[in-house]
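Chemist:
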Amino acid sequence: MTEQGNTGSKPKSRTRRAVLFGGLGVVAAAAVAGRDEISRAWWLLPGVAKPRKEGEIDHVGAGWTAASPANWRMADRPDDYRVDRIVVHVTQGGFQSSVDAFKNPWHKASAHYIVRGDGHVEQMVRELDVAFHAGNRSMNERSVGIEHVGFVDRPKDFTDDMYAASARLAAGICRRYDFPADRGHIVGHSEVPGADHTDPGDHWDWDRYIRMVREALAASA
Ligand SMILES: [Zn+2]
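Numbering (the UniProt record's numbering), first residue to last: 1 to 221.
#1: Helix, strand or coil for tyrosine 81? Go by DSSP, reduced to three states.
#2: Report the rounded CA-to-CA distance for alanine 62 versus alanine 111, giving the unit in angstroms.
#3: Who are glutamine 123's beta bridge partners in DSSP?
#4: So for glutamate 147, helix, strand or coil by DSSP?
#5: Going by CA-CA distance only, name the one from Val83, Asp79, Val60 and Leu217 that's closest to residue 223.
#6: Residue range of the alpha helix (DSSP H) that glycine 172 falls in?
#7: Mapping DSSP to helix, strand and coil, what is tyrosine 209?
#8: Looking at aspartate 199 and glycine 184, is the spacing between their C-beta atoms short of 8 Å?
#9: Over what stretch of residues does the alpha helix (DSSP H) that includes valine 99 continue unbroken?
#10: For proline 193, which of Asp161, Val90, Ile173 and Arg137 has the nearest alpha-carbon?
#11: Using only CA atoms, which one of Gly94, Arg175, Gly150 and Asn104 lies nearest to arginine 85?
#12: Are the Cβ atoms of threonine 65 and methionine 162 separated by less than 8 Å?
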């Protein structure tokens with residue numbers, strides 16, 4: 001399930017877009033800043049925008065519906081933020097209502113992916129960008145958020161097809177950003193520091209999921 005997140009990020013987001021479309025006048029400012037500051041002051045970075053095309057996706061076979069730009073922040077991962085976490089969520093609602101929520105600019109939340117019980121994967125935010133899903137700014141910046149359609153108290157929602165599709169997706173993320181498929185790096189929303197959410201809940205089979213992610217990784221090696 002998603003939640004309010006990063007309400008303070010909108011002005012910076014606008015600033016950054018202004019930079020992206022307004023030229024490279026900030027290069028000089030970035031050059032005099034310290035290296036550590038540069039790594040944090042992403043809005044000063046010149047030429048950060050990798051080429052993007054509407055509808056481009058990161059996971060082969062995924063569908064694409066764009067989340068409202070109000071529900072995520074443009075970034076240039078993994079160049080500006082290292083990606084080394086996956087956050088597992090459960091939607092607490094149906095597929096379409098989750099898609100609609102992420103398209104709604106007032107929702108203030110989104111995730112990169114929504115995985116359905118039939119194994120369909122819908123991407124809504126590019127992995128380059130920071131989706132607001134974990135309720136924790138630094139976790140959002142370092143993670144990819146995967147929603148699973150269902151309810152935490154309805155174990156039958158977590159189907160074989162869902163586990164398989166999500167495990168393939170997670171394996172691809174681990175491979176793209178070179179981090180291990182383990183419980184230190186693949187976490188539940190409820191485990192995020194400061195989280196007041198309970199998803200994915202007791203019925204999410206972590207042992208099975210991690211095993212399947214590892215199998216998918218091995219199969220693609
Ligand atoms: Zn959640």
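The beta-carbon is built from N, C-alpha and C at its ideal position, and this holds for glycine as well.
Modeler: Walking through what the data contain:
#1: Coil, per DSSP.
#2: Alanine 62 and alanine 111 have their C-alpha atoms some 14 Å from each other.
#3: According to DSSP, which records beta bridges pairwise, glutamine 123 is partnered with Trp64 and Tyr113.
#4: Reduced to three states, the DSSP call for glutamate 147 is strand.
#5: This structure gives no information on residue 223, because the portion of the chain shown stretches from 1 to 221.
#6: Here the alpha helix (DSSP H) through glycine 172 covers 160 to 177.
#7: Tyrosine 209 carries a helical assignment under DSSP once its states are collapsed to helix, strand and coil.
#8: Contact: no.
#9: Taken as a continuous stretch (DSSP letters only), the alpha helix (DSSP H) holding valine 99 covers 95 to 103.
#10: When only C-alpha atoms are compared, the closest one is Arg137.
#11: Looking at the Cα atoms, Arg175 is the closest of the given residues.
#12: No.
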